[in-house]
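Single-structure report; data block below.
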Amino acid sequence: MKSAIIIGAGMGGLATALRLRHAGFDVTVLEKQPRPGGRSNVIEENGFRFDMGPTILVMKETFDTLYRDIGQDIDERLSFTRLDPNYRVYFHDGTHIDLHNSMADLAEAVKGVEPGAAERLFQFIGAGAKKYALGMDFVTRNYDRITDLANPLAGWKLLRTDSHQKLFSHVSRYFKTDKLRKAFSFHSMFLGLSPFDSLAMYSLITYADLALGMWYPQGGIYSIIEDMLALADEMGVTICTDSPVEEIIIRDGGVKGVRLASGQEMQADLVVSNADLPYTYKALVPAEYRQHYPDRRLDRMEYACSGYLLYLGLDRTYPEMQHQALYFAEDYRANLDAIFKTRTLPTDASFHLNNPTITDPSLAPDGHSVLYLLAPMPNLQGDVDWATAAPQVREQLLSQLEKLVDPDLRQHIVWEREFTPVDFERDYNAVHGTAFGSLAHGLFQSAYFRPHNKARDIDGLYFVGQGTYPGIGMPMVMISADLVTERIKNEWR
Ligand SMILES: Cc1cc2nc3c(=O)[nH]c(=O)nc-3n(C[C@H](O)[C@H](O)[C@H](O)COP(=O)(O)OP(=O)(O)OC[C@H]3O[C@@H](n4cnc5c(N)ncnc54)[C@H](O)[C@@H]3O)c2cc1C
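Going by this note's numbering, the sequence shown opens with residue 1039, and the numbers climb by one from there.
Here it is, written out as structure tokens:
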């Protein structure tokens, strides 16, 4: 039986472990942290349970596919609720709009903000559907040579759908008000890109959110990780936590195994790294073996943004709120420029607000609730000092919450924790403390141009997760696990 070591028990590492084991490999997963999950992690304390990273599933079918491919049915093992509305969007003037998953309800809501916008909403969603179909063609394939990208028909369609334009300008063609432009352009932030710089292509994410639905698994996203761990156990995958890998052992141009920080060496026929790809090359592969990824190339890459997270346990519930909400800073551009350009602390932070207890009361003791706040922030390439910045951001977020949700909110906080870019770097070896994934999704870091899932210089070294193609976010990571497994099965059968 061929043996595989997977470095990292993030979602991509676990999905690859299940797929390779199903294909007959002997699989060991080595995770540096005490608990698996990577960026999709959990806090369980004082009767509160918080998803620390992702909170909502889009493109659920990518998870359905993983389970089906290993002979399971995800809907028999986990219970999912489709959210409606997908989001409540709060604006700086205290007004809000609910982004419903029914197009008729969404059109009504949009009309309330911008009379006459309903028809343009349908055009916008239609354009998003075309981009989605086009984008999926680039997303679901392994790349070996640039000609794999060359598809004249796709190139023509790309131009026809304005995918090459900037996202914010594209959205502005459909919506005239600042409010709707914000509400339909922010999604690229989750790929680590400002909507002012991102390709309009990425309005396919807006389409996926609005038209294909957003799903909440009972128990939160970490219940998926827990179920993957249960499956790994049933299938005979070995998972070792508290096991940081220090070096990938390479001899005669091929992988021989890994050396742990403890000094222990483990042999394997092949190694798949789920740790951040630029980190893996720089920290785990000796420089003499990576002519294609020398330090200077890795340093020049474009890194995604980070985030500040605040998790609150409260002694009351908020039934009038929605499950998911967003707050947009009045000066959207200044907020985005601070995050992506000047890499300074935003003065008025936009943030994502989650009130999951409304769907799932099991996350908190009776009469209590949890709130999750995520504010996109510059990564550690800027020189923000997080020891002094964290209390400032916390204050900004709590002040906004008092305006939007409850003027007495602070009196109801009975438990809290925060997580900063420094924590991302320390806990997950996230390069520059990036939150959603390490490498931003500019044109030259997407599809063929994103680092490949197989090392060119080293036989037997593969990658899975957000650092390789297709990229950032749980559905993309699921597809990445499928792609790398197909490649390995072809090469090692
Ligand atoms: C706050 C936040 C909100 C998000 N929201 C969403 C969302 O709503 N929807 C969505 O789809 N996506 C969301 N994402 C993005 C999504 O969570 C990630 O893109 C995805 O989880 C990345 O998974 P991965 O398998 O690529 O790697 P990771 O989760 O980064 O896992 C890599 C693992 O490797 C381990 N590791 C690193 N170095 C070593 C070493 N030397 N030895 C051993 N192990 C090592 C790390 O500890 C980690 O466990 C969010 C992310 C964050 C942080």
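From the three backbone atoms N, C-alpha and C, an ideal C-beta is built for every residue, glycine too.
**Asked** Between which two residues does the beta strand (DSSP E) harbouring valine 1309 extend?
**Response** Locating residue 1309 in the sequence shown gives position 271, where the first residue counts as 1. Boundaries of the beta strand (DSSP E) harbouring valine 1309: 1308-1311, taken from the DSSP string.
**Distance cut-off 8 Å: asparagine 1491 Cβ against heavy atoms of ligand 1** = Counted from its first residue, the sequence shown places residue 1491 at position 453. False, no ligand heavy atom lies under 8 Å from that Cβ.
**Request:** Please name the residue in Pro1399, Leu1347, Gly1471, Ser1407 whose C-alpha comes closest to that of leucine 1435.
**Result:** Here residue 1435 refers to the residue found at position 397 of the sequence shown. Comparing Cα positions, the closest option is Leu1347.
**Prompt:** Does the beta-carbon of threonine 1426 have 16 or more other beta-carbons within 10 angstroms, so that it is buried, or is it exposed?
**Reply:** Here the question's residue 1426 lines up with position 388 in the sequence shown. Around the beta carbon of threonine 1426, a 10 Å sphere encloses fewer than 16 other beta carbons of the protein chains shown; the residue is thus reported as exposed.
**Asked** Is alanine 1042 helix, strand or coil when you go by DSSP?
**Response** Residue mapping note: residue 1042 aligns to position 4 of the sequence shown, counting from 1. Strand.
**Request:** Measure from the alpha carbon of serine 1078 to the alpha carbon of each residue in Thr1093, Asn1084, Asn1180, then state which is nearest.
**Result:** Here the question's residue 1078 lines up with position 40 in the sequence shown. The residue with the shortest Cα to Cα distance from serine 1078 is Thr1093.
**Prompt:** With respect to 8 Å, is the separation between the Cβ of leucine 1218 and the closest non-hydrogen atom of ligand 1 below this value?
**Reply:** Reading the sequence shown from its first residue, position 180 is the one you call residue 1218. Because no heavy atom of ligand 1 lies under 8 Å away, the Cβ of leucine 1218 does not count as near it: no.
**Prompt:** With DSSP run on the structure shown, which of helix, strand or coil describes lysine 1070?
**Reply:** Counting from one through the sequence shown, the residue named residue 1070 turns up at place 32. In the structure shown, lysine 1070 sits in coil (DSSP, three-state: anything other than H, G, I, E or B).
**Prompt:** According to DSSP, which residues form a beta bridge with cysteine 1278?
**Reply:** Along the sequence shown, read from residue 1 onward, the residue named residue 1278 stands at position 240. Answer is Leu1068.
**Prompt:** Considering phenylalanine 1162, what are the terminal residues of the alpha helix (DSSP H) in which it resides?
**Reply:** If you number the sequence shown from 1, residue 1162 lands on position 124. Unbroken alpha helix (DSSP H) run through phenylalanine 1162: 1155-1177.
**Asked** Beta carbon of leucine 1298, beta carbon of serine 1311: below 9 Å?
**Response** Counting from one through the sequence shown, the residue named residue 1298 turns up at place 260. Counting from one through the sequence shown, the residue named residue 1311 turns up at place 273. Not in contact: leucine 1298 and serine 1311 (Cβ atoms no closer than 9 Å).
**Prompt:** According to DSSP, is tyrosine 1341 helix, strand or coil?
**Reply:** Here residue 1341 refers to the residue found at position 303 when the sequence shown is read from its first residue. In this structure, tyrosine 1341 counts as strand in the three-state DSSP scheme.
**Item:** Nearest residue (CA-CA) to arginine 1120, options Asp1398, Arg1432, Gln1302, Gly1132
**Value:** Residue mapping note: residue 1120 aligns to position 82 of the sequence shown, counting from 1. The shortest C-alpha separation from arginine 1120 is found at Asp1398.
**Request:** Would you mind stating whether leucine 1481 and phenylalanine 1487 have Cβ atoms separated by less than 9 Å?
**Result:** Residue 1481 sits at position 443 when you count from the first residue of the sequence shown. Residue 1487 sits at position 449 when you count from the first residue of the sequence shown. A contact, by the Cβ cut-off of 9 Å.
**Message:** The alpha helix (DSSP H) that contains lysine 1320, what's its start and end?
**Reply:** Residue 1320 sits at position 282 when you count from the first residue of the sequence shown. First-last for lysine 1320: undefined, no H or E at that position.
**Message:** Could you give the first and the last residue of the continuous alpha helix (DSSP H) run that contains glutamate 1099?
**Reply:** Taking the sequence shown and counting its residues from 1, one reaches residue 1099 at position 61. DSSP places glutamate 1099 in the uninterrupted alpha helix (DSSP H) bounded by 1099-1107.
**Asked** Do you know how far the Cα of serine 1407 is from the Cα of threonine 1355?
**Response** Start at 1 with the first residue of the sequence shown, and residue 1355 comes out as number 317. Start at 1 with the first residue of the sequence shown, and residue 1407 comes out as number 369. Distance between the alpha carbons of threonine 1355 and serine 1407: 5 Å.
**Message:** Which residue wins for smallest C-alpha separation from phenylalanine 1234, given the options Lys1220, Tyr1245, Tyr1212, Phe1206?
**Reply:** Translated into the one-based positions of the sequence shown, residue 1234 becomes position 196. Per the Cα distances, Phe1206.
**Request:** Going by DSSP, name the residue or residues bridged to tyrosine 1410.
**Result:** Mapped onto the sequence shown, residue 1410 falls at position 372. Answer is Tyr1349, Asn1392.
**Request:** To the nearest angstrom, report how far apart phenylalanine 1118 and glycine 1048 are at their CA atoms.
**Result:** On the sequence shown, position 80 is the one that residue 1118 refers to. On the sequence shown, position 10 is the one that residue 1048 refers to. Each residue's alpha carbon lies about 21 Å from the other.
**Request:** Say whether the stretch 1162-1170 touches the stretch 1452-1472, bearing in mind that this needs 3 or more beta-carbon pairs closer than 8 Å, one atom from each stretch.
**Result:** no
**Item:** Nearest-angstrom Cα separation, counted from glycine 1230 out to leucine 1116
**Value:** Stepping through the sequence shown from its first residue, residue 1116 is reached at position 78. Stepping through the sequence shown from its first residue, residue 1230 is reached at position 192. Going by the C-alpha atoms only, they are around 30 Å apart.
**Prompt:** Got a sec, what are the start and stop residues for the alpha helix (DSSP H) lysine 1492 sits in?
**Reply:** Within the sequence shown, numbered from 1, the residue matching residue 1492 stands at position 454. Segment: none, lysine 1492 is in no alpha helix (DSSP H) and carries neither H nor E.
**Request:** Specify, as a first and last residue, the run of the alpha helix (DSSP H) that threonine 1244 falls within.
**Result:** In the sequence shown, the residue the question calls residue 1244 occupies position 206. Segment 1241-1245, the alpha helix (DSSP H) holding threonine 1244.
**Asked** So what's threonine 1119 in DSSP terms, helix, strand or just coil?
**Response** Residue 1119 sits at position 81 when you count from the first residue of the sequence shown. The answer is strand: DSSP assigns threonine 1119 an E or B state.
**Message:** Considering only heavy atoms of ligand 1, does any lie closer than 8 Å to the CB of glutamine 1483?
**Reply:** Mapped onto the sequence shown, residue 1483 falls at position 445. Short note on glutamine 1483: C-beta not closer than 8 Å to any heavy atom of ligand 1.
**Prompt:** Taking the alpha carbon of aspartate 1102 as the point to measure from, which residue in Ala1053, His1138, Asp1247, Arg1126 has its own alpha carbon closest?
**Reply:** Counting from 1 along the sequence shown, the entry for residue 1102 is found at position 64. Out of Ala1053, His1138, Asp1247, Arg1126, Ala1053 has the C-alpha closest to the C-alpha of aspartate 1102.
**Request:** Give a single yes or no on whether aspartate 1102 has its beta carbon closer than 8 Å to a heavy atom of ligand 1.
**Result:** Position 64 of the sequence shown, counting from 1, holds the residue named residue 1102. Not so, every heavy atom of ligand 1 lies at least 8 Å from the Cβ.
**Asked** Tell me which same chain residues have a C-beta within less than 8 Å of the C-beta of asparagine 1491, skipping the five on either side of it?
**Response** For the purposes of this step, residue 1491 is taken as residue 453 along the sequence shown, with counting starting at 1. Same-chain partners within the cutoff: Asn1180, Tyr1500, Phe1501, Val1502, Thr1506, Tyr1507, Ser1518, Leu1521, Val1522, Arg1525.
**Prompt:** Looking at the structure shown, is leucine 1095 part of a helix, part of a strand, or coil, going by DSSP?
**Reply:** Start at 1 with the first residue of the sequence shown, and residue 1095 comes out as number 57. Three-state DSSP puts leucine 1095 in a strand.
**Prompt:** Any idea if glycine 1109 is buried or exposed, counting beta-carbon neighbours within 10 angstroms, 16 or more meaning buried?
**Reply:** Along the sequence shown, read from residue 1 onward, the residue named residue 1109 stands at position 71. Exposed, since its Cβ has fewer than 16 Cβ neighbours within 10 Å.
**Request:** Return yes when at least one heavy atom of ligand 1 lies under 8 Å from the C-beta of glutamine 1305, else no.
**Result:** On the sequence shown, residue 1305 is found 267 positions in, with the first residue counted as 1. No, since every heavy atom of ligand 1 falls outside the 8 Å radius drawn around the Cβ of glutamine 1305.
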